[in-house]
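Respectively, the protein sequence lines represent chains Y and B.
Sequential numbering from 162 applies to the first sequence in our numbering.
Sequential numbering from 162 applies to the second sequence in our numbering.
Don't be surprised by glycine CBs; every beta carbon is placed ideally from N, CA and C.
There are 2 protein chains.
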Amino acid sequence: MADRNVANLMGRGESLLFLTDDQLRRGIEAMFFAYRGFTADPDRILQDYGYGRAHHRAIHFINRTPGTTVSNLLSILGVTKQSLNRVLRTLVEDGLVDNRVGTRDKRERHLFLTPKGATLERELSEAQRNRMRDAYRAAGPEAVAGFRTVLEQMMNLEMRRHYMDDGESVK
Amino acid sequence: MADRNVANLMGRGESLLFLTDDQLRRGIEAMFFAYRGFTADPDRILQDYGYGRAHHRAIHFINRTPGTTVSNLLSILGVTKQSLNRVLRTLVEDGLVDNRVGTRDKRERHLFLTPKGATLERELSEAQRNRMRDAYRAAGPEAVAGFRTVLEQMMNLEMRRHYMDDGESVK
DNA sequence: CTTGGAAAGTCAACAAGGCTGACATAAACT
DNA sequence: AGTTTATGTCAGCCTTGTTGACTTTCCAAG
Chain Y
162 MADRNVANLM GRGESLLFLT DDQLRRGIEA MFFAYRGFTA DPDRILQDYG YGRAHHRAIH
222 FINRTPGTTV SNLLSILGVT KQSLNRVLRT LVEDGLVDNR VGTRDKRERH LFLTPKGATL
282 ERELSEAQRN RMRDAYRAAG PEAVAGFRTV LEQMMNLEMR RHYMDDGESV K
Chain B
162 MADRNVANLM GRGESLLFLT DDQLRRGIEA MFFAYRGFTA DPDRILQDYG YGRAHHRAIH
222 FINRTPGTTV SNLLSILGVT KQSLNRVLRT LVEDGLVDNR VGTRDKRERH LFLTPKGATL
282 ERELSEAQRN RMRDAYRAAG PEAVAGFRTV LEQMMNLEMR RHYMDDGESV K
C-alpha cells in the first residue's frame, strides 16, 4: 500500500507531521554521528590515562550516585560482573574509586570517587557538557526542550524494556 | 561563582532557558540510554546472522549511497581500512554486498547491496525506524522538530571537527 | 543453628572490533 | 619511468564484551 512508508503523527492542536522512511533514516544517521561526536572528547581524554569508555561509564554513575553498590551498577550498565569488575579493579588500584564494605549488609561494596577520581570525572563531564552546550546554543531553547522530550521518551522506552524490576536507578 | 555552572541561553522572543550542570548531565545520560535502546533491536537481529554493529554500519551506508567506494566509506565511518575490510570481506563472501571494479577509475571498488543484503538492511532499519517512531509518537510533533534540530547541530559540530584534517581540533 | 541463596570476586577462555605496522598489487598521474 | 593512490592482506596487540566454573562472605528463612 502507498501508506506503508509514511508515519502519520497527529499534532496536538493544528500541527500535523508526516515522517517518511527517509526522514526517519536521517534521524537514525544523526543519532549515529551525534553519539560519535558526543563520546569523542572523553575518549581522547581517557586515552591519556590508559582508560576506555567502560571506565568513563563506571566513573559517571559512581559520581551520580555515590555509595552505589556493584550490583546496582551492573543493572544500570547492563554488562556482566566479570566485565565490570575488570574495570572497577583498575580504578580502585589507581586510586580513583573507593570501595567500602557495607555497614548494613557487609556483602555489599559501596563505591565512591576519591578526590582524584572526582577530578577526572569533572574533566570528562565538562568536555561533554561543553559539547552539549554548543549544540544547544546553536539550536535554540525551543529546540532544546523538544530534544529533551524525545530523548527522554527513547530513554524511558529503553528503561522499561530492560529494568522491569528496579525502581532506584534513574529518575 | 554562583554562575560558573549555569549556561544562560537567550531565547528568541520571550523564552529564556537556564541549563545547570545537572540538567546537562541528565541530557548526557539520556544520550547514553537512548543510544543503547536505539541499537538494541538491530544488535539482536544481527546476532542471528553472526554479525555485529560494524556490519550494520557498513550495510547502512552502502544502502544510503549505492556504488560508494571503499575510501568513501572509510572516511564516513572513521575506522581503519583493515577494520572495515574485515567486515566488508565477510559481507561479500556471504553474498550481501557486491564489489564492482570502477569503470572510470579501475582502482576503485564500488559497493552495492545484493537483494539479500537489501533484505537484511530493511529488517534492520525497520526495527530502528519503529523504535524512533514510538519515541516520536510519545513526544509529539513539536518536540520532534526540536529533537531533529539539536541532533543536526550535534552532527554538524561533529562533521566539522571530523573533516578538519583530524588534528587536535578541540577548543 | 543450619542451610539456601544473594553479593561480590576471581580465573580462564574466547570473540568482536578497534588499532598499528609492514607489505603487495594494480591503476593512475606526472 | 617513477610516484602516488586505492585497495587488500598478514600479523599482532588492546579494550571490552561474553560464558562457565568456581570461592568467600554473610543475610535470612526454616
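Is there at least one Cβ from chain B nearer than 8 Å to residue i's Cβ?
i              : result
residue 252(Y) : no
residue 295(Y) : yes
residue 279(Y) : no
residue 214(Y) : no
residue 196(Y) : yes
residue 329(Y) : Low confidence applies to residue 329(Y): its pLDDT is 35, below 50, so where it sits in the model is not reliable, and the reading given next is rough at best. With 8 Å as the cut-off, residue 329(Y) does not count as an interface residue toward chain B.
In terms of DSSP beta bridges, what is residue i paired with?
i              : result
residue 273(Y) : 259(Y)
residue 230(B) : 271(B)
Please check if any C-beta of chain Y sits within less than 8 Å of the C-beta of residue i.
i              : result
residue 189(B) : yes
residue 319(B) : yes
residue 199(B) : yes
residue 219(B) : no
residue 273(B) : no
Report the residue from the options whose alpha carbon sits nearest the alpha carbon of residue i.
i              : options                           : result
residue 216(Y) : 188(Y), 189(Y), 257(Y) and 226(Y) : 257(Y)
residue 319(Y) : 182(B), 247(B), 255(B) and 196(B) : 196(B)
residue 281(B) : 261(B), 304(B) and 255(B)         : 255(B)
residue 144(B) : 290(B), 240(B), 283(B) and 221(B) : No information on residue 144(B) is available, as it lies outside the stretch 162 to 332 that chain B covers here.
residue 268(Y) : 274(Y), 260(Y) and 275(Y)         : 260(Y)
residue 184(B) : 190(Y), 306(Y) and 208(Y)         : 306(Y)
residue 335(B) : 311(Y), 209(Y), 189(Y) and 289(Y) : As displayed, chain B neither begins before 162 nor continues past 332, which places residue 335(B) out of reach and without an answer.
residue 314(B) : 292(Y), 310(Y) and 313(Y)         : 292(Y)
residue 266(Y) : 230(Y), 181(Y) and 200(Y)         : 230(Y)
Would the C-beta of residue i count as close to the ligand GTP, meaning under 7 Å from any of its heavy atoms?
i              : result
residue 254(B) : With respect to the ligand GTP, the structure offers nothing, as it holds no ligand at all.
Which residues in chain B have a C-beta closer than 7 Å to the C-beta of residue i? List them in chain order.
i              : result
residue 204(Y) : Those do not exist, as residue 204(Y) stays about 11 Å from chain B at its closest Cβ, beyond 7 Å.
residue 289(Y) : 189
How would you list, in chain order, the residues of chain Y whose beta-carbon sits under 8 Å from the beta-carbon of residue i?
i              : result
residue 307(B) : 300, 303, 304, 305, 306, 307, 308, 310 and 311
What does residue i reach in chain Y if we use C-beta pairs closer than 7 Å?
i              : result
residue 247(B) : Per Cβ cutoff of 7 Å: no residues; residue 247(B) is ~20 Å from chain Y at best.
residue 314(B) : 296, 299 and 300
Closer than 9 Å by beta-carbon distance: list the chain Y residues that pair up with residue i, in chain order.
i              : result
residue 286(B) : 182, 185, 186 and 189
*Along the segment 253-268 of chain B, what residues have a CB closer than 8 Å to any CB found in chain Y?*
Residues of the segment 253-268 of chain B whose Cβ lies closer than 8 Å to any Cβ of chain Y: none.
_Near-chain B residues of the segment 223-245 of chain Y (beta-carbon distance less than 8 Å), N- to C-terminal order_ = With the criterion set as a beta carbon lying under 8 Å from some beta carbon of chain B, the members of the segment 223-245 of chain Y are 225 and 239, in sequence order.
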